[in-house]
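For the sequence shown, the numbering used here begins at 126 and goes up steadily by one.
Encoded as structure tokens, the structure appears first; notes follow it.
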Amino acid sequence: LENPEGLPVKIIKFEPNIKYDIKEFEPFYLEQKETTLGTVNISKAKIKDWIKNIKDLKLPKDFSDILFLDPFLKNSFDGERPDLADQSRSGYSMALASFLCKDNTFTDDEIIKILILQPNGKLRDNTPEYLLRTLSKAKGGYAPVEIKTTKEPTNENKSMSIYELLESNIAEEEMIVGRGLIPKKFGFGLIGGLAKEGKTLLSLQFSLSLISGSHFLEEFPIPKKAKVYYIYHENTLTGLKKIIEKQLAR
């Protein structure tokens, strides 16, 4: 709160007779994973000096070189990881420290400096104790990066003979134009070709088939009539001028 002074407190319910037994909460216990801590040989005094003189602190060159080549690392450093379950300062510190420990190319001193310079959060969180514990957890293999994932359905390809295919009841794809020409889920088709090859005539025939519900080119059924909004447009200024001149002449 910006101004936490003098805020009234109102007790809306008070039942002192209700008591709970700790055993009632046993079904809700969460299993605690044992935290293995790694060894970090850096003095607190050295870290305090780095924090005090943060303006003189620079990112290790190797880290700066790879920071812009690895989007995952950069997003972890910048605090822009929506996939990270723990969005707190410590969550990003742990994710970054774990990444650097796993990479195994940075010294403990370098990792601590990187954590101090990490822009996400406030500098007052960077106490020597906090930084040392974060790094020791990361070095000890503490489950560092928890990612929110959604399980995607897997499409497994299954081979079948032509006889099995004929006997199977495969749902027919809903079409705007039948026989697989334009599936409804895509909703559009593209007619392309060189100049004077009949694209406009073909487009008009297609539009007429959609409006009338008759077979397109006498081969492709139209399951359902459709309204057509036809826009005639030439993509060259010369072509557009010729069309206007013809219309004016008429």
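Don't be surprised by glycine CBs; every beta carbon is placed ideally from N, CA and C.
Notebook entry, point to check: Applying the criterion that 16 or more other CB atoms from any shown protein chain within 10 Å of the CB defines a buried residue, is Ala-170 buried or exposed?
Noted result: exposed
Check: Rounded to the nearest angstrom, how far is the Cβ of Ile-176 from that of Asn-229, given a contact under 8 angstroms?
Finding: About 25 angstroms; that fails the 8 angstroms criterion.
Notebook entry, point to check: What separation, rounded to the nearest whole angstrom, lies between the Cα atoms of Phe-331 and Gly-317?
Noted result: 14 angstroms
Checklist line | Opening and closing residue of the alpha helix (DSSP H) in which Glu-140 lies | finding: From DSSP, Glu-140 is part of no alpha helix (DSSP H); its letter is neither H nor E.
Item checked: DSSP state of Leu-256 mapped onto helix, strand, coil -> helix
Next item on the list: Might you give, ordered along the chain, the residues of its own chain that have their beta carbon closer than 6 angstroms to the beta carbon of Gly-265, omitting 5 neighbours on each side?
Entry: Thr-161, Leu-162, Gly-163
Notebook entry, point to check: Which of the three DSSP states, helix, strand or coil, is assigned to Phe-153?
Noted result: helix
Next item on the list: Tell me whether Ser-337 sits in a helix, a strand or coil according to DSSP, three-state version.
Entry: Residue state, collapsed to three classes: helix.
Margin query: For the pair the region 221-241 and the region 194-207, tell me if three or more CB-CB distances fall below 8 angstroms.
Written below: yes
Margin query: On the DSSP bridge list, what partners appear for Phe-345?
Written below: Under DSSP, Phe-345 takes part in a beta bridge, and its partners are Phe-341.
Item checked: Option in Glu-292, Ser-284, Lys-227 with minimal Cα separation from Ser-261 -> Comparing Cα positions, the closest option is Lys-227.
Margin query: Beta-carbon within less than 7 angstroms of Lys-183's beta-carbon, same chain only, minus the 5 sequence neighbours each way: which residues are those?
Written below: none
Notebook entry, point to check: Do you know offhand how far Leu-329's Cα is from Asp-211's?
Noted result: 57 angstroms
Item checked: Three-state class that DSSP yields for Ala-374 in the structure shown -> DSSP places Ala-374 in helix when its eight states are reduced to three.
Check: So what's Phe-331 in DSSP terms, helix, strand or just coil?
Finding: helix
Check: Between which two residues does the alpha helix (DSSP H) carrying Ile-236 extend?
Finding: Here the alpha helix (DSSP H) through Ile-236 covers 233-242.
Next item on the list: Kindly indicate if chain D contains any beta-carbon less than 7 angstroms away from that of Phe-224.
Entry: Considering every chain present, this structure includes no chain D. It has just one protein chain.
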